[in-house]
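Have a look at the structure below, then the notes.
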Ligand SMILES: NC(=O)c1ccc[n+]([C@@H]2O[C@H](COP(=O)([O-])OP(=O)(O)OC[C@H]3O[C@@H](n4cnc5c(N)ncnc54)[C@H](O)[C@@H]3O)[C@@H](O)[C@H]2O)c1
């Protein structure tokens, strides 16, 4: 397998900066590329500050300094210059298919033949990104979680035409990138399906959440009581504060995406549509479920509304995990659990489901009828418990 020495990070916004930092820390030569000098300067500065902090904490070994590491950093707004000697390109630009296709084509046309192009897309099919380039075998997905230096998971995704060698190189680079919070977990995603592993398994629970929001809204139940229903005991931020923090529009667009890519049952609920129409997008507009005008809300979660069955969330996750296995996205329920733990810092649903899958399947039969959402019906692997053998 070809050795990777030179990495180019294209798009150095929120994700690209962190990705470039860990590539440097792993010992690679790194070039930052973006559309404006000022963006690149900001990214380089962010990386320098991050490295300095780590140096002060004694993180580097053998007397290595930030200055030593930064000698391997270069920058340019010219993509063609950036990729001339690249072995590996990581793309973290805006989430727009035509722009990603264009960058992929230019990058592979102007880099050495062996160069791998890895996209950090969170939702676009890798096969589509590679569609217009001359070397789709060299295009893979490399899905980081935010922030890349802290989150252990990197999903390496095969597009329909990705070569085994490109996948192997992706995994090799991934495991070499340091993580400040433990050991990297770098699973192979074997089918180019929406949401890959982690985002996919967690996607359909929004169908139940939207149902709960609609009931709460109709019955005038205070949001902190709903929040108390759905927030687990050790979660650093309550669920509805987190939803406001991320932005109701982000959640709405994700739902629309899954609505097209997976099932119309993902269509956003009445209340969510109202929030969007009224511009109540959460933190960014000062109002979402909560009022943010005086800073981060601190809801009193001592009283529950009692309208949520937490087991339904567990069942929906386990069912989607089984769907991911049925589609061949990965071949082991343990990979799903490991990936969720590494990417989200909470346990995956599958191990527990090996004990109570029958109960979960019955619950889903009941709720798919109650919510009139056929997508929530239990799939064969869950109903039969046959996923248990897929280790
Ligand atoms: N933010 C997250 O939590 C997260 C997590 C996983 C994956 N992603 C994915 O990572 C990618 C980047 O997301 P982000 O949040 O860092 O976005 P961002 O807006 O912070 O950064 C995108 C950067 O790409 C640059 N850019 C746009 N067009 C370019 C071009 N033609 N050439 C070079 N640079 C260009 C922009 O100037 C900007 O600096 C997206 O595909 C997103 O879906 C994001």
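Numbering (my numbering), first residue to last: 29 to 419.
Glycine is no exception: its CB is placed at the ideal position from the N, C-alpha and C atoms.
None of these values were measured; they are calculated from a predicted model.
Mark residue 257 as exposed unless 16 or more other C-beta atoms lie within 10 angstroms of its C-beta, in which case mark it buried.
buried
Proximity below 9 Å, CB of residue 300 to CB of residue 241
Going by C-beta atoms, residue 300 is nearer than 9 Å to residue 241.
Member of 43, 157 and 76 whose CA lies at the smallest distance from the CA of residue 188
157
Extent of the continuous alpha helix (DSSP H) to which residue 156 belongs:
154 to 158
If you run the structure through DSSP and keep just helix, strand and coil, what is residue 151?
In this structure, residue 151 counts as coil in the three-state DSSP scheme.
Can you check which of these residues, 137, 72, 220 and 368, is closest to residue 51 by C-alpha distance?
72
Curious, which full-length beta strand (DSSP E) runs of at least 3 residues does the segment 86 to 154 contain?
Within the segment 86 to 154, the complete beta strand (DSSP E) runs of at least 3 residues fall at 101 to 104, 116 to 119 and 144 to 147.
Using a strict less-than 6 Å threshold between each residue's beta carbon and the heavy atoms of ligand 1, what residues do you get?
Every residue whose beta carbon comes nearer than 6 Å to a heavy atom of ligand 1 appears here in chain order: 38, 39, 40, 41, 42, 43, 44, 61, 62, 63, 67, 120, 121, 122, 123, 127, 131, 148, 149, 150, 172 and 174.
Where residue 265 falls: helix, strand or coil (DSSP):
coil
DSSP state of residue 216, grouped into three classes?
strand
Are residue 376 and residue 366 touching if we call contact CB-CB under 9 Å?
yes
Can you find the residues in the same chain that come closer than 8 Å, C-beta to C-beta, to residue 194, ignoring five residues on each side of it along the sequence?
144, 165, 166, 167 and 168
Leaving out five residues on either side along the sequence, give the residues of the same chain with a beta carbon under 6 Å from the beta carbon of residue 368.
226 and 376
DSSP has residue 171 in a bridge; who is on the other side?
183
With DSSP collapsed to three states, give me the class of residue 310.
For residue 310, the secondary structure class from DSSP, reduced to helix, strand or coil, is strand.
Look at the alpha carbon of residue 271 and the alpha carbon of residue 211, and state the distance between them as a whole number of angstroms.
28 Å
Where do the N-terminal and C-terminal ends of the alpha helix (DSSP H) with residue 347 fall, by residue?
338 to 354 is the span of the alpha helix (DSSP H), which, as asked, contains residue 347.
Going by DSSP, what residue range makes up the beta strand (DSSP E) through residue 35?
Here the beta strand (DSSP E) through residue 35 covers 34 to 38.
What are the residues that DSSP puts in a beta bridge with residue 42?
Its beta-bridge partners do not exist; DSSP assigns none.
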